[in-house]
Amino acid sequence: MPHETLVHNHPSGDPKPSRDDIEMTREIKAAAGALGIGVHDHLVIGRKGHASFRSLGLLS
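The opening position of the sequence shown corresponds to residue 1250 in our numbering, with each subsequent residue numbered one higher.
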């Protein structure tokens, strides 16, 4: 199965995933899964660093 990594930035500088980020990732993961594509990770980039959904346990 092919996989994709999602990436977006937070202009505020804080890379902590928002509730909207988490919900949208779940929706994208479901839609991608229906097409036979997995989601490997979702990275949020900010001035203060980055956050990985996989590392935070947000990809189940």
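Where is the CB? At the ideal position from N, CA and C, for every residue including glycine. These figures come from a predicted structure and were not determined experimentally.
With a threshold of 16 other beta carbon atoms within 10 Å, Ala1300 meets it and is buried. In the same chain as Gly1287, and ignoring 5 residues on each side of it, the C-beta atoms closer than 6 Å to its own belong to Met1250 and His1252, in chain order. Taking a 10 Å sphere around the C-beta of Thr1254, we find fewer than 16 other C-beta atoms and assign the residue as exposed. As for any beta strand (DSSP E) of minimum length 3 sitting wholly inside the stretch 1272–1300, the runs are 1287–1295, ordered along the chain. When the beta-carbon positions are compared, His1291 and Asp1270 come within less than 9 Å of each other.
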